[in-house]
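Engineer:
Numbering (full-length UniProt numbering), first residue to last: 1 to 370.
1. Could you pull out every unbroken beta strand (DSSP E) segment of at least 3 residues lying fully inside the stretch 251-294, listed in chain order?
2. Restricting to Cα atoms, I'd like to know which of 99, 107, 272 is closest to residue 87.
3. Among all the DSSP beta bridges, which residues are the ones paired with residue 159?
4. Between which two residues does the beta strand (DSSP E) carrying residue 358 extend?
5. Between the stretch 68-76 and the stretch 30-46, do three or more beta carbon pairs fall short of 8 Å?
6. Could you give the uninterrupted runs of the alpha helix (DSSP H) lying entirely in the stretch 41-104, keeping only those of 4 residues or more?
7. Using a Cβ-Cβ cutoff of less than 7 Å, which residues in the same chain neighbour residue 61 once the five nearest sequence positions on both sides are dropped?
8. Can you give me the C-alpha to C-alpha distance between residue 225 and residue 56, rounded to a whole angstrom?
9. By the 10 Å Cβ neighbour count, where 16 or more other Cβ atoms means buried, how is residue 40 classified, buried or exposed?
10. Taking the alpha-carbon of residue 296 as reference, which of 258, 155, 218 has the nearest alpha-carbon?
11. Under 8 Å: do the stretch 149-161 and the stretch 181-201 share three or more Cβ pairs, one atom per stretch?
12. Starting from residue 341, trace the alpha helix (DSSP H) both ways and give me its first and last residue.
13. Rounded to a whole number of angstroms, what is the C-alpha to C-alpha distance between residue 82 and residue 102?
14. Considering residue 307, what are the terminal residues of the beta strand (DSSP E) in which it resides?
15. In chain order, what residues of the same chain have a beta carbon less than 8 Å from the beta carbon of residue 327, not counting five sequence neighbours either side?
16. Count the other C-beta atoms from every protein chain shown that fall within 10 angstroms of the C-beta of residue 48, then say buried if there are 16 or more, exposed otherwise.
17. In three-state DSSP terms, what is residue 33?
18. Which stretch, first to last residue, makes up the beta strand (DSSP E) that contains residue 310?
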């Protein structure tokens with residue numbers, strides 16, 4: 001909602017005062033039956049606008065003060081017209097600020113005063129029912145305009161709150177995505193480093209060449225984890241990519257780096273995937289291989305990617321080799337994979353398969369070209 005310029009508030013009373021005084025002098029020419037504004041009349045013309053200076057802090061007092069000044073000015077027989085500017089502004093302000101009952105009650109009292117004055121107290125005959133209707137209509141228009149402005153401000157304020165809440169929700173989802181990415185990156189690479197370090201320590205005396213290979217794998221894994229962490233954390237910088245770069249095109253690199261005997265199978269019509277599906281598929285395979293590395297290091301693995309017309313099937317099956325039930329893992333790996341699949345409208349199952357374990361994910365994808 002656009003804010004008013006700051007200079008309007010202090011200058012409005014002065015502007016209204018000048019307007020009321022100068023226009024009243026002109027109105028007197030068209031109302032010869034009304035008394036000319038003397039010193040007291042001019043003071044009343046200025047007093048109402050001056051009360052507007054307090055309309056933000058004391059809206060009800062301002063309304064009552066401007067209305068009292070106006071009624072006194074009219075009762076003294078001065079010209080109608082410009083004197084109404086200040087009470088109209090004060091009445092509008094009270095309605096906009098939500099003091100609706102007071103505004104309607106004061107409006108009713110003001111209307112009764114004008115009816116009584118013009119009917120029995122004015123020095124000229126009553127102008128009739130048409131004049132009374134016009135006065136009521138003018139007051140109603142001011143009240144209706146105030147209600148409209150108030151309702152519009154409330155809608156804009158509500159919309160702003162909704163936007164802020166949506167922004168907070170999106171930021172929360174981004175933080176959750178970053179946490180999942182960091183978990184997957186760290187879990188996979190640290191598990192790989194742990195296994196290869198254990199291998200290197202076991203072989204360093206008897207088979208130094210194989211130990212050297214394990215250390216090379218450790219070096220590459222540490223480099224990869226730093227690279228991927230920079231990719232994930234880059235979303236915190238302005239202008240950085242809004243999604244990490246991991247995808248299924250890096251699956252071969254992932255398999256080679258893991259040190260497991262992995263057989264890869266790809267069926268169906270291979271095509272480009274939406275970034276979120278591509279990334280989720282990569283992370284699911286990565287987490288499944290991490291679990292095999294942790295709990296069944298001697299197992300062989302089969303990774304199947306099946307591109308269907310409407311979904312991507314990912315199936316990771318290992319032959320086991322650890323203690324019974326170990327492939328399930330005890331951390332956030334399997335729940336994290338399920339969350340990734342569910343976030344895309346898919347599903348993931350993880351269960352024992354023979355002596356080993358199978359993770360199967362189905363991720364919706366757009367229908368491929370004909």
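Note that beta-carbon positions come from the ideal geometry of N, C-alpha and C, so glycine has one too.
Please read all numbers here as calculations on a predicted model, not as lab measurements.
Structural biologist: In terms of the structure at hand:
1. 262-268
2. 107
3. According to DSSP, which records beta bridges pairwise, residue 159 is partnered with nothing at all.
4. 356-364
5. yes
6. 59-75, 85-96
7. For residue 61, where only same-chain residues beyond five positions count, the Cβ hits under 7 Å are 54.
8. 59 Å
9. exposed
10. 258
11. no
12. Residues 333-343.
13. 24 Å
14. Here the beta strand (DSSP E) through residue 307 covers 301-307.
15. Its pLDDT being 46, under 50, residue 327 is placed unreliably in this model, and the value from its coordinates should be taken loosely. Within the same chain, residue 327 has close Cβ partners 291, 292, 295, 296, 318, 320, 352, 356, 357.
16. Only buried fits residue 48, as 16 or more other CB atoms lie within 10 angstroms of its CB.
17. coil
18. Note, residue 310: premise wrong, no beta strand (DSSP E); not H, not E.
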